[in-house]
Each structure stands twice: as structure tokens, then as C-alpha cells.
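Asks: Structure incoming, see below.
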Ligand SMILES: *Cc1c(COP(=O)(O)O)cnc(C)c1O
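In the UniProt record's numbering, the protein residues as written are 1 to 458.
Spelled out as C-alpha cells, the structure:
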């Protein structure tokens with residue numbers, strides 16, 4: 001008999017999670033103004049809001065927590081992290097920050113000016129926020145295949161070179177501070193970018209003398225997909241693939257809360273000494289001295305180990321295949337999900353799931369709320385609410401996709417939890433035709449509204 005797949009780790013410590021009744025959840029979600037970010041975590045049974053900072057650390061990482069060096073300057077934990085970043089990414093210079101958006105804030109303070117244009121593959125919301133906050137424009141150059149959830153394409157996060165070239169041709173070089181490739185492409189559904197595409201973008205960037213940066217939050221998961229799907233990479237190690245990918249760029253920002261396998265942290269790594277010098281000034285101003293930049297010594301030690309563990313094949317296989325297990329269950333139940341499955345999350349296609357709810361009434365948000373009510377499961381809307389208003393016209397932007405993301409925390413939930421989630425979704429799916437109306441916004445912030453927006457049920 002062939003042995004089934006089993007996780008390459010065992011459990012050393014457990015955290016209790018609470019079940020609740022449907023009646024309780026109906027009351028709680030109303031009190032939370034129908035915003036899942038407003039729910040306290042004890043009111044959630046399975047929390048798939050995000051895979052950001054929610055994973056489980058290893059015993060090796062916890063050991064680092066105990067020996068963290070909390071010196072203000074020149075701590076040994078900083079040195080460990082610096083060494084690990086150099087070894088994994090290959091970039092020359094490095095600045096720690098307290099999380100990913102802080103890295104963006106520091107780097108963009110040095111590079112982005114009013115009127116600039118920053119092309120990329122579906123910029124992440126904080127990335128876009130930091131570009132637009134500086135009165136610059138983020139131009140989405142993702143391939144069209146990314147916007148059809150039923151098309152099978154191995155690298156849906158790829159950059160469309162024609163679109164990118166059009167941006168290069170229609171703006172002076174000085175107006176394009178850099179191109180940013182997000183690996184994996186979060187906003188397109190955790191979809192990977194191929195080495196070939198990265199190489200081609202890099203060549204085009206060099207031709208037009210425009211730097212290339214990575215938003216590398218899930219760089220390891222991206223490398224796993226390359227190994228699995230791209231010809232010529234089957235026999236390469238994840239670490240070799242990661243190194244090659246980064247070799248085509250000038251630098252990166254990262255949220256270490258994802259593939260850093262830590263609960264808090266981030267960094268900038270790059271090759272240009274001038275940019276590093278400028279960024280250093282902003283890092284000291286916004287984050288802290290350059291040998292901690294908003295991180296504890298112990299957290300830097302844990303991140304140094306996390307980067308190494310996240311780029312091990314056995315870990316990545318257990319991580320990505322668990323996500324795919326949930327995806328396949330949903331497909332078996334006929335629930336419409338984005339395909340191929342993303343690396344860190346499964347995305348429900350709300351346009352196909354609840355077309356009966358008007359888009360103006362936030363159908364993906366309505367679906368996320370229903371899943372909470374039925375199963376105590378917290379996902380997140382990646383649709384019109386997240387897309388925010390156009391900064392100039394203040395009108396709602398309707399993105400091509402209306403998704404609900406179920407992000408799976410790393411090394412945290414079991415296969416039984418995945419079965420539970422799939423069963424709850426099947427129940428929601430079976431009653432989908434009864435859903436006719438959604439929600440109306442009664443209060444929202446001027447930028448990144450999804451965190452604090454308040455709704456009323458229609
Ligand atoms: C999470 C994330 C960020 C922002 O990082 P934070 O640590 O949440 O500030 C930026 N880009 C991508 C692709 C991300 O996934």
C-alpha cells in the first residue's frame with residue numbers, strides 16, 4: 001500500500017480555539033458592523049483572515065527567541081539576520097524594518113516622487129497605498145489570464161511585457177523610479193511568476209535603464225511553484241531558485257510575516273549603495289537605528305532561522321499542498337474557486353458564487369460574512385471594498401475579480417480543519433440562491449478603508 005502524505009513536523013505546544021453557535025455569530029458580526037476585521041479572535045473558530053504573522057514558529061526559532069541580543073547597536077541577532085539575508089537573497093545591503101509596509105515606506109521615501117509611475121503585477125494594497133500617498137500612480141501590467149479564474153495558466157502572476165513596454169514608451173525615464181514584481185502575486189490570488197518572465201522583465205528594464213525591485217513576501221512559495229512547474233528547474237533546490245530570481249533584480253522589500261516564518265518583521269535588501277544610503281536616513285527616522293529598525297533582537301534571530309526553514313523543500317511542500325488539498329475539496333463540492341490554487345490561500349470567486357447580489361452591494365463581502373455566520377470561519381474580501389475609491393474621482397473602483405480569500409496560516413491548522421472549512425462552504429453554496437442583497441457602507445476611511453469600514457445589511 002502506498003503511504004499517504006504526512007506533515008514533516010509534529011506538535012510540541014497547542015493553543016485552544018473556541019466553537020460558537022450560529023445565533024452567537026449573527027449577533028457578534030452585527031456588533032462588528034459586518035467588518036470581519038472588527039471581530040475579536042475568540043469569536044472566530046478557524047481564522048483564515050490572513051497568513052501574515054499567524055504561523056507557528058519552530059523549536060529552533062523559539063531557541064533563538066531565548067538568546068536574542070537586545071543591544072541597541074551592533075547586536076549579534078542583527079549579525080545573524082544580516083548573514084542569513086545575504087545567504088538567501090544575495091543582495092549586498094540590508095535594512096531591517098518592523099514589517100513589510102514599513103520597508104515600502106522607507107524605500108519609497110527614497111525613490112518615489114509626486115507624478116511618478118510605478119508599473120508592476122497587481123500591486124499589493126499597502127504597496128499601492130504607499131505609491132498613491134506620494135501622489136504617484138501604480139500601473140498594473142499583469143497578464144490578462146490572471147483575471148479569468150477558470151483559465152489554467154501555470155504563472156498567472158506574470159508581467160505582460162507589452163503592457164510594461166507601453167508604460168516605458170509613454171513616460172520619460174525619470175518618471176519611472178522602478179518596476180515592482182510581487183512574488184507570488186498576492187492581488188492576483190497568490191499566483192506565481194516564472195523565472196523566464198522575471199528574466200524578460202529584467203532585460204527590458206535594463207534596456208530602458210529602470211531598476212527592478214521585488215515585493216518578496218512569498219518568495220519561497222514562488223520558488224516552489226517554479227520548481228514544480230517551470231521546465232529546467234525540477235532538479236534545482238529552492239535555495240538555488242531563490243538566488244537566481246533575486247539575481248535579476250536590484251533589490252527587494254519583504255514582509256517577513258509571510259515567508260520569513262515570524263510573527264512580526266520585514267526588511268529591505270538591495271545592491272545600490274546610493275539608494276541604501278538614502279534609505280538608511282529614512283530607516284533611522286521612521287523605524288529605528290539601522291541594526292534593529294523596529295525589530296527586537298530575538299525577532300531578528302527567529303527570522304534568520306525562519307528564512308532558512310522557509311526555503312526548505314519539505315516545509316514548502318507541506319505548506320503549498322495543504323492549501324491545494326482545501327482547494328481540491330472545494331472543487332469536488334463544485335464551489336467556484338480560482339485555479340490553479342494559490343500558494344498561501346484559496347480564493348472563492350464571488351462573481352460566480354453569488355451573482356444574485358449586485359456588485360454595488362459588495363457581493364464578496366457578503367459571501368465572507370455568510371461563511372463566518374455558517375462556520376465561524378474568518379476569511380477576507382479581496383474585491384470592491386479592498387479596491388477602494390479612485391483617489392481623483394472618489395468613485396468606487398470595481399476590480400475584475402470579486403474574491404474571498406481563505407489564507408492558510410503556516411504550520412498551524414490540520415487537514416481536519418481543512419475538511420471543516422470545505423464542509424461549511426458547501427453548506428453556504430447549497431443556499432446561495434437565497435442571497436439577493438448585500439451591504440451598504442455607512443462609514444469609511446479616505447485610504448485603505450477595508451480595515452475600518454462599517455456596513456449595514458440591506
Ligand atoms: C503582506 C504584504 C505586504 C505588507 O506587509 P506587512 O508586513 O503587512 O506590512 C506587502 N506586499 C505583499 C505582497 C504582502 O503580502
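A virtual CB, placed ideally from N, CA and C, is assigned to each residue, including glycine. Please read all numbers here as calculations on a predicted model, not as lab measurements.
1) With 16 as the cutoff for other CB atoms within 10 Å, does residue 410 come out buried or exposed?
2) Tell me which residues share the same chain as residue 317 and place their Cβ nearer than 6 Å to its Cβ, disregarding the 5 neighbours each side in the sequence.
3) Starting from residue 149, follow the alpha helix (DSSP H) in both directions and report where the run begins and ends.
4) Taking 9 Å as the cut-off, decide whether the C-beta atoms of residue 225 and residue 320 are in contact.
5) Can you tell me whether residue 246 sits near ligand 1, meaning its C-beta is under 8 Å from at least one heavy atom of the ligand?
6) For the beta strand (DSSP E) that contains residue 405, what are its first and last residues?
7) Below 8 Å, is the gap between the Cβ of residue 138 and the nearest heavy atom of ligand 1?
8) Does the contact criterion of 3 or more C-beta pairs under 8 Å hold for the segment 20 to 37 versus the segment 448 to 458?
9) Mind reading off the beta-carbon distance from residue 345 to residue 367? Whole number of angstroms is fine, and I expect it under 8 Å.
10) Whole angstroms is fine: what's the gap from residue 388's alpha carbon to residue 295's?
11) Count the other CB atoms within 10 Å of the CB of residue 19; is the residue buried (16 or more) or exposed (fewer)?
12) Enumerate, from N- to C-terminal direction, the unbroken beta strand (DSSP E) stretches of 3 or more residues contained entirely within the segment 343 to 411.
13) Inspect the beta-carbon positions of residue 68 and residue 299 and report whether they are closer than 9 Å.
14) Say yes only if the C-beta of residue 266 is nearer than 8 Å to one or more non-hydrogen atoms of ligand 1, and no if none qualify.
15) Do residue 185 and residue 177 have their beta-carbon atoms positioned less than 9 Å apart in this structure?
16) With a floor of 3 residues, list each beta strand (DSSP E) that falls wholly inside the segment 58 to 122, ordered by position along the chain.
17) Can you give the Cα-Cα distance for residue 137 and residue 116, rounded to whole angstroms?
18) Mind checking whether the beta-carbon of residue 52 lies closer than 8 Å to any heavy atom of ligand 1?
19) Does the segment 40 to 56 touch the segment 370 to 388, meaning 3 or more C-beta pairs lie closer than 8 Å?
20) Between the alpha carbons of residue 238 and residue 13, how many angstroms are there, rounded?
21) Count the other CB atoms, across all protein chains shown, that sit within 10 Å of the CB of residue 24; report buried if there are 16 or more and exposed otherwise.
22) Have a look at 313, 398, 392 and 331 and flag the residue whose alpha-carbon is nearest the alpha-carbon of residue 360.
23) Could you round the C-beta distance between residue 329 and residue 418 to whole angstroms and report it? I think they count as a contact, below 8 Å.
24) Which stretch, first to last residue, makes up the beta strand (DSSP E) that contains residue 277?
25) Can you have a look at residue 127 and say buried or exposed, based on whether 16 or more other CB atoms are within 10 angstroms of its CB?
26) Tell me which same chain residues have a C-beta within less than 6 Å of the C-beta of residue 223, skipping the five on either side of it?
27) So, is residue 394 buried or exposed, given that buried needs 16 or more other C-beta atoms within 10 angstroms?
28) If you follow the beta strand (DSSP E) that residue 127 is in, where does it begin and where does it stop?
29) Sort out for me which residues DSSP pairs residue 444 with in a bridge.
Replies: A quick look at the data gives this:
1) The Cβ neighbour count for residue 410, taken over all protein chains shown within 10 Å, is at least 16; the residue is labelled buried.
2) none
3) Note, residue 149: premise wrong, no alpha helix (DSSP H); not H, not E.
4) Yes. Within cutoff.
5) no
6) 403 to 407
7) Not under cutoff, so the answer is no.
8) yes
9) That pair is no contact at about 15 Å.
10) 30 Å
11) exposed
12) 345 to 349, 380 to 382 and 403 to 407
13) yes
14) yes
15) no
16) 93 to 97 and 117 to 120
17) In this structure, the CA atom of residue 137 is about 6 Å from the CA atom of residue 116.
18) The answer is yes for residue 52.
19) yes
20) Straight-line Cα distance between these residues: approximately 28 Å.
21) exposed
22) 398
23) 7 Å
24) Per DSSP, residue 277 belongs to no beta strand (DSSP E); it is in the alpha helix (DSSP H), 273 to 286.
25) When all chains shown are included, residue 127 counts as buried.
26) The beta carbon of residue 223 lies closer than 6 Å to those of 238, 241 and 242 in the same chain, with the five residues before and after it left out.
27) exposed
28) Where residue 127 is concerned, there is no enclosing beta strand (DSSP E), although the alpha helix (DSSP H) it sits in stretches over 125 to 133.
29) Paired residues: none, contrary to the question.
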